[in-house]
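Chains as they are written, first to last, in the numbering used here: chain H, 32 to 182; chain L, 32 to 182.
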């Protein structure tokens with residue numbers, strides 16, 4: 032495996048239900064992208080809304096980052112992080128190398144994924160460069176400032 | 032203010048829309064509770080579903096933790112963390128002491144809150160004790176194990 036800061040990480044989202052989970056799965060994707068994963072695979076269910084929302088973000092703010100739903104293609108990953116929606120099927124615990132719980136309290140999988148990636152990446156996500164971005168967010172004291180980038 | 036690891040932190044959730052945001056706001060509340068905040072205040076909108084979901088979690092897994100919606104009561108806080116749903120009104124940036132962005136990429140507010148609390152608390156959330164819990168989650172290699180606690 033590459034070192035933690037360079038490892039190619041994909042997220043496998045299981046138990047996703049179209050409509051009901053679309054917004055939370057969108058949060059999973061944004062978190063994965065911002066914190067240094069290569070992409071998200073939504074198992075079993077096709078969700079064109081999530082795919083197009085995240086494709087739009089990647090087109091504007093840069094990539095590479097990919098979302099696949101329903102049809103799982105090859106993912107060249109060093110590490111596959113599985114996050115469930117509701118209850119995780121028992122066999123996942125048996126096939127996983129690590130069963131990680133972020134605190135031993137009921138928790139948001141978005142928050143758990145964020146903390147896992149931040150720690151695993153050793154905070155290197157803050158240095159990540161995105162390529163082919165059309166716009167970028169510039170640090171600002173008084174609001175959210177979006178700057179067009181030269182083509 | 033108390034030291035970061037002891038500071039009483041409340042989250043102010045603004046721009047919440049009932050139904051549309053209820054699940055994401057529930058994730059905000061679970062994250063706040065697990066990572067050491069005292070409670071969440073949902074501004075302007077009453078949302079009984081979020082309130083009762085989180086009250087049930089607190090009854091079972093312990094507290095103290097409170098969710099207030101619509102009617103803001105006194106909150107004895109050292110630090111108020113404001114998280115928006117959609118766009119944050121401009122005046123919030125002017126009244127806030129700190130304007131924090133977790134990465135300069137489009138981001139989930141659940142993930143951003145998680146990373147902020149984890150860093151601000153200096154990871155002390157993992158030592159937090161919850162009182163009056165009926166059940167607890169016990170670390171387990173092969174699944175999620177919930178144990179009844181003696182009354």
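Beta carbons: idealized from backbone N, C-alpha and C, even for Gly.
Contacting residues, own chain, Cβ-Cβ under 8 Å from residue i (five flanking each side not counted)
i              : result
residue 138(H) : 132
residue 147(H) : 112, 131, 133
residue 149(L) : 66, 156
Residue i (DSSP reduced to helix, strand or coil)
i              : result
residue 96(L)  : coil
residue 174(H) : coil
residue 131(L) : coil
residue 110(H) : strand
residue 49(H)  : coil
residue 155(H) : helix
residue 72(L)  : strand
residue 63(L)  : helix
residue 11(L)  : Since the first residue of chain L shown is 32 and the last is 182, residue 11(L) is not available in this structure.
residue 83(L)  : helix
Own chain partners of residue i with C-beta closer than 6 Å, once the 5 adjacent residues on each side are dropped
i              : result
residue 80(H)  : 53
residue 68(H)  : 40, 42
residue 103(L) : 72
Extent of the continuous beta strand (DSSP E) to which residue i belongs
i             : result
residue 41(H) : 40 to 45
Extent of the continuous alpha helix (DSSP H) run through residue i
i              : result
residue 145(H) : 140 to 151
residue 126(H) : 121 to 126
Presumed contact (8 Å Cβ cut-off) between residue i and residue j, rounded CB distance
i              : j              : result
residue 47(L)  : residue 141(H) : Between residue 141(H) and residue 47(L) the Cβ distance is about 16 Å, and since that is not below 8 Å, they are no contact.
residue 70(L)  : residue 98(L)  : 6 Å
residue 91(L)  : residue 165(L) : 5 Å
residue 189(H) : residue 135(L) : The requested residue 189(H) does not occur in the structure, where chain H is confined to residues 32 to 182.
residue 96(H)  : residue 64(H)  : 5 Å
residue 55(L)  : residue 55(H)  : 7 Å
Cα-Cα separation, residue i to residue j
i              : j              : result
residue 145(H) : residue 175(L) : 20 Å
residue 33(L)  : residue 157(H) : 29 Å
residue 127(L) : residue 75(H)  : 43 Å
residue 181(H) : residue 160(H) : 16 Å
residue 172(H) : residue 109(L) : 22 Å
residue 62(H)  : residue 143(H) : 10 Å
residue 101(H) : residue 73(H)  : 6 Å
residue 120(H) : residue 170(H) : 42 Å
residue 106(H) : residue 35(L)  : 41 Å
Chain-order list of residues whose beta-carbon lies under 7 Å from that of residue i (same chain, five-residue window excluded)
i              : result
residue 163(H) : 93, 94
residue 60(H)  : 71, 81, 85, 98
residue 49(L)  : 76, 78
Check: residue i C-beta below 7 Å from any heavy atom of the ligand FMN
i              : result
residue 152(L) : In terms of ligand content, the structure shown is empty, and the ligand FMN therefore cannot be addressed.
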